[in-house]
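*Asks:* Letter by letter, the sequence shown follows residues 1 to 214 in the UniProt record's numbering. Think of the CB as a built atom: it goes at the ideal place given N, C-alpha and C, for glycine as much as any other residue.
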Amino acid sequence: MTAAEFVPDHGSLDELRTAVQGCRGCGLYQDTTQAVFGEGPEDARILVVGEQPGDVEDRRGRPFVGPAGKVLDRAFAEAGLDRTTMYLTNAVKHFKHRPAAAGKRRLHQTPDRSEIVACRPWLVAEFEVVRPAQVVALGATAAKALLGPSFRVTKQHGVPLPWPSSADRPEDFNGAPEAVLVATIHPSAVLRADDREAMFAGMVEDLKALRGPA
Ligand code: URA
Ligand code: SF4
């Protein structure tokens, strides 16, 4: 199964956002509040891809509005980027989690490869509408969705890459307009790190690569 049969052909962002609520392209829709689609201007120059909605995003229906989103907003601000001009989305549109113990937050689970592939038609559709000049991959899941399973964020973060022409990128993106892609860590990794300040500073440095050489 994939999302392909649920994605309207040449849909606008609003049509896609409505249609994604009916997606049954993988099992992740079960036990969630809603799908969380991307958000931002249709003519955004920069398209940012995260992993999947978290607990807060699942309840509110918008990407990056929880703790990771706060880190991201700070990183954008320090890198001189304005979130309201960018299109923000996720590789996977439903929240994958373990059921919570009573009164506790539901625990995030990393989506697996089959779920990333199943959900990719939504991401492809978002790229078709937005046609960004620059792409940001936040963390390994986003990087794998955009660049294939062999990409390593730990080695290749902060390096502007030609995309989709990079060798290993998935065929789903054949025909996407050429852009420059920069990968960096996921903002949740900053929250989990022992040395948050150093991780955060590294993320800001990576994001500055979008502006070109200083
Ligand atoms: N983490 C993500 O990758 N995306 C969100 O929308 C929120 C947290
Ligand atoms: Fe569809 Fe993606 Fe949700 Fe799976 S995670 S049901 S493919 S929208």
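1. Taking 7 Å as the cut-off, decide whether the C-beta atoms of Glu78 and Val65 are in contact.
2. So, with DSSP's three-state summary, where would you put Leu81?
3. Less than 7 Å separating the beta-carbons of Tyr29 and His97?
4. Where does Val36 fall in DSSP's three states?
5. Cα-Cα, which of Ala145, Phe200, Val130, Glu197 is closest to Thr110?
6. In terms of residue numbering, what span does the beta strand (DSSP E) encompassing Pro121 cover?
7. Identify every run of the beta strand (DSSP E) within the region 1-61, keeping only runs that are complete inside it and at least 3 residues long; order them along the chain.
8. Starting from Gln156, trace the beta strand (DSSP E) in both directions and tell me its first and last residue.
9. On the CB-based measure, 16 or more other CB atoms within 10 Å of its CB, does His186 come out buried or exposed?
10. Taking 6 Å as the cut-off, is the C-beta of Ala3 nearer than that to any heavy atom in the ligand SF4?
11. Please confirm if the region 192-201 is in contact with the region 134-154, defined as three or more CB-CB distances below 8 Å between the two stretches.
12. For Ser188 and Gly69, I'd like the C-alpha separation in whole angstroms.
13. Where does Thr184 land, buried or exposed, given buried means 16+ other C-beta within 10 angstroms?
14. Do the CB positions of Gln52 and Ala35 come within less than 7 Å of each other?
15. In terms of residue numbering, what span does the alpha helix (DSSP H) encompassing Leu88 cover?
16. If distances are taken between C-alpha atoms only, which option among His157, Gln134, Val130 comes closest to Ala143?
17. Determine the extent of the beta strand (DSSP E) in which Val182 is found, giving its start and end residues.
18. Look at the Cβ atom of Leu47, then the Cβ atom of Ala125, and state whether they are nearer than 7 Å.
19. Got a sec, what are the start and stop residues for the alpha helix (DSSP H) Leu146 sits in?
*Replies:* Concretely, from the data shown:
1. As a working mapping, residue 78 is identified with position 78 in the sequence shown. As a working mapping, residue 65 is identified with position 65 in the sequence shown. Taking 7 Å as the Cβ cut-off, Glu78 and Val65 do not qualify as a contacting pair.
2. For the purposes of this step, residue 81 is taken as residue 81 along the sequence shown, with counting starting at 1. Coil at Leu81, not helix or strand.
3. Start at 1 with the first residue of the sequence shown, and residue 29 comes out as number 29. Start at 1 with the first residue of the sequence shown, and residue 97 comes out as number 97. In this structure, His97 does not lie closer than 7 Å to Tyr29 by Cβ.
4. Position 36 of the sequence shown, counted from the first residue, corresponds to residue 36. Three-state DSSP puts Val36 in coil, outside helix and strand.
5. By 1-based counting over the sequence shown, the position of residue 110 is 110. Residue Ala145 is the option with its Cα nearest to Thr110.
6. If you number the sequence shown from 1, residue 121 lands on position 121. Where Pro121 is concerned, there is no enclosing beta strand (DSSP E), although the alpha helix (DSSP H) it sits in stretches over 113-130.
7. 46-50
8. Position 156 of the sequence shown, counting from 1, holds the residue named residue 156. Where Gln156 is concerned, there is no enclosing beta strand (DSSP E), although the alpha helix (DSSP H) it sits in stretches over 153-156.
9. Within the sequence shown, numbered from 1, the residue matching residue 186 stands at position 186. It counts as buried.
10. Taking the sequence shown and counting its residues from 1, the one referred to as residue 3 is at position 3. Correct: Ala3 has its Cβ closer than 6 Å to the ligand SF4.
11. no
12. Working through the sequence shown from its first residue, we reach residue 188 at position 188. Working through the sequence shown from its first residue, we reach residue 69 at position 69. Taking the straight line from one Cα to the other gives about 9 Å.
13. Looking up residue 184 in the sequence shown gives position 184. So Thr184 counts as buried.
14. As a working note, residue 52 is residue 52 in the sequence shown. As a working note, residue 35 is residue 35 in the sequence shown. No. Outside cutoff.
15. As a first step, residue 88 is located in the sequence shown; it is residue number 88 there, counting from the start. Unbroken run through Leu88 is the beta strand (DSSP E), 87-90; no alpha helix (DSSP H).
16. As a first step, residue 143 must be located in the sequence shown, where it is residue number 143. When each option's Cα is compared against that of Ala143, the closest is His157.
17. Residue 182 sits at position 182 when you count from the first residue of the sequence shown. Here the beta strand (DSSP E) through Val182 covers 179-184.
18. Numbered from its first residue, the sequence shown carries residue 47 at position 47. Numbered from its first residue, the sequence shown carries residue 125 at position 125. No, Cβ-Cβ distance for Leu47 and Ala125 is not below 7 Å.
19. For the purposes of this step, residue 146 is taken as residue 146 along the sequence shown, with counting starting at 1. Per DSSP, Leu146 belongs to the alpha helix (DSSP H) from 139-147.
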